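**Student:**
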Amino acid sequence: MDIFDAVDHVTQAGPASVYLLYGSEIGLFDWFCDELIRNHQVSSMLRFDYQEDGFEPAEMELCSYSLFGERPLVYVRNATAFTPDGRSGPDADRLAAYLEQPVPGRTLVLSVPSDKLDERRRVTKLAKRHAVIACPVPSRDRDAMVRLERLARSKAVVIDKDALAELWRRTQSLTLAMNEFDKLRAYAGGGPITRDHVLELVPMQAEDSVFTWIDWAVQGQVASVFEALDGLARQGYDAFSLIALLARQVRLMAFAKGAANLEQRAKELGVHPYALRTAARQSARFPERKLARLVRVLADAEWDVKRGRLAPEVALNLVLMELAHAASTTPRNRAQ
7 MDIFDAVDHV
17 TQAGPASVYL
27 LYGSEIGLFD
37 WFCDELIRNH
47 QVSSMLRFDY
57 QEDGFEPAEM
67 ELCSYSLFGE
77 RPLVYVRNAT
87 AFTPDGRSGP
97 DADRLAAYLE
107 QPVPGRTLVL
117 SVPSDKLDER
127 RRVTKLAKRH
137 AVIACPVPSR
147 DRDAMVRLER
157 LARSKAVVID
167 KDALAELWRR
177 TQSLTLAMNE
187 FDKLRAYAGG
197 GPITRDHVLE
207 LVPMQAEDSV
217 FTWIDWAVQG
227 QVASVFEALD
237 GLARQGYDAF
247 SLIALLARQV
257 RLMAFAKGAA
267 NLEQRAKELG
277 VHPYALRTAA
287 RQSARFPERK
297 LARLVRVLAD
307 AEWDVKRGRL
317 APEVALNLVL
327 MELAHAASTT
337 PRNRAQ
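Rendered as C-alpha cells:
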C-alpha cells in the first residue's frame, strides 16, 4: 500500500491496530504519525527505538490502560527484526507474539529504513496480516511533484509550482525536501516560497549535482547550467575538470549513437551499461555530424587550456555555448 493511500484510508475508516512502514523516505514515517494524531485526536505519541530499547517497553505501553482514557500512539523506529541482518531473539519473539494478537483500541507503528523486508522472517509474515506501507523514493518526477504538493499542503507551506519543481530537482528526495520547508518558509517571511528562494537556500546534493549539471549542459539548458556553476565550484569542481567531464560524456554519446547493442558496446569501452544508456538517450538530440563536431570542440578546449592559450573559465563558457547552440538547432527542435 502507498503511504498517501494509507493516510486517505485512515481518514475515512480510522486507524488500524498495526502499521509497518518501510523504505528510503524516512521523513514520511514521522509525517504518517503526525497525520494519525491530527486526524484522529490521539492524545500523544510515545517513541521507542527497537535497536536501543528492543520491543518490551513499547509492548508494556500498548498493554497498559490509562485511567484517563488516553490513547497514545506507540511508534517504534528502526524495527530491524524485519531485515535480513536485523536482531532476532527474545525481542523479535515478543514482537511476533504481539503481531499475532494486537491489543484492541491501540495503534502500533513500526518503521524500517530499508527498501526491502526479509520475507522469510516470521515477523514479516505476521506483519502482512496488517497494514504494510512502502515509502520509496519516487521514480518519476511527475509522481514526486504530486506527493510534494500534498506534503506542502499538509504542513501549511505555500510554495509556487516552479519553486517546488526546483526543490525536487535539487534534493531528489521527499525527506530532504520536507527538511527544507521550515527554512524556506521563514526566509519567505510569510509570503509564498518562490524559485529564487530555493535557488538561494537549497544546495544540490553533491553526489548528484554534477551528473545533473552535465545532463542540463547536453540538453542546452543554458540558464540552469550557469546558475549551478557557483554551487559546483563550492563542491570542488573547477572549470577544467568540468570541461573534462563534458568531453567524456560527449565521447560516450558519440560511441552510443547508433549502437546496435549497448550492452556489448559498454563492455568494449569498459564503462557501466547504465552510463552508456544515459549517453544514448542524450545523443538522440544530435545528428552524428554535430556530435563529431562537439567531440573536436571539447578536445580543442582541453588542449588550449593545457597549453595556456585560454583561461579555463573562458574555455568552459565557450564550450557551454557551443553545446547550447548544437542542442537548440536540431531538426527536432525546429519542427516543434
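Heads up, the sequence shown is in the numbering used here, so the first residue is 7 and it goes up one at a time.
For every residue, glycine included, the Cβ atom is placed at its ideal position computed from N, Cα and C.
Only a predicted model underlies this, so the values are computations on that prediction, with no experimental measurement involved.
#1: Using the three-state DSSP reduction, which class does residue 234 fall into: helix, strand or coil?
#2: May I ask you to verify whether the region 114-134 touches the region 27-35, counting CB pairs closer than 8 Å and requiring at least 3?
#3: On a CA-only basis, which of 252, 206, 13, 236 is nearest residue 194? Give me that one, please.
#4: Skipping 5 residues on each side, what residues in its chain have a beta carbon closer than 6 Å to that of residue 186?
#5: Am I right that residue 83 and residue 56 are in contact with their C-beta atoms under 8 Å? What's the rounded C-beta distance?
#6: With DSSP collapsed to three states, give me the class of residue 35.
#7: Apart from the five residues just before and just after residue 126, which ones in its own chain have a Cβ nearer than 6 Å to its Cβ?
#8: Do residue 300 and residue 328 have their C-beta atoms closer together than 9 Å?
#9: May I ask which residues mark the beginning and end of the alpha helix (DSSP H) holding residue 250?
#10: Compute the Euclidean distance between the alpha carbons of residue 234 and residue 99, then round it to the nearest angstrom.
#11: Count the other C-beta atoms from every protein chain shown that fall within 10 angstroms of the C-beta of residue 37, then say buried if there are 16 or more, exposed otherwise.
#12: Following the continuous beta strand (DSSP E) through residue 138, name the residue where it begins and the one where it ends.
#13: Determine the contact status of residue 169 and residue 142, defining contact as a CB-CB distance below 9 Å.
#14: Short check: CB of residue 216 to CB of residue 241, under 9 Å?
#15: Tell me the start and end of each unbroken alpha helix (DSSP H) in the region 154-203 that is at least 4 residues and wholly inside, in chain order.
#16: Assuming residue 34 and residue 180 make a contact with CB atoms under 8 Å, what is their CB distance in whole Å?
#17: Within its chain, find whatever has a CB closer than 6 Å to the CB of residue 16; leave out the 5 residues flanking it on each side and keep chain order.
#18: From residue 257 to residue 90, what distance separates their C-alpha atoms?
#19: If you draw a straight line from the C-alpha of residue 163 to the C-alpha of residue 201, how long is it?
#20: If you run the structure through DSSP and keep just helix, strand and coil, what is residue 3?
**Tutor:** In this structure, then:
#1: coil
#2: yes
#3: 206
#4: 208
#5: 7 Å
#6: helix
#7: none
#8: yes
#9: 245-262
#10: 52 Å
#11: buried
#12: 137-140
#13: no
#14: yes
#15: 167-177, 180-194
#16: 6 Å
#17: none
#18: 42 Å
#19: 14 Å
#20: Because the chain is modelled from 7 through 342, residue 3 falls outside the range shown and cannot be assessed.
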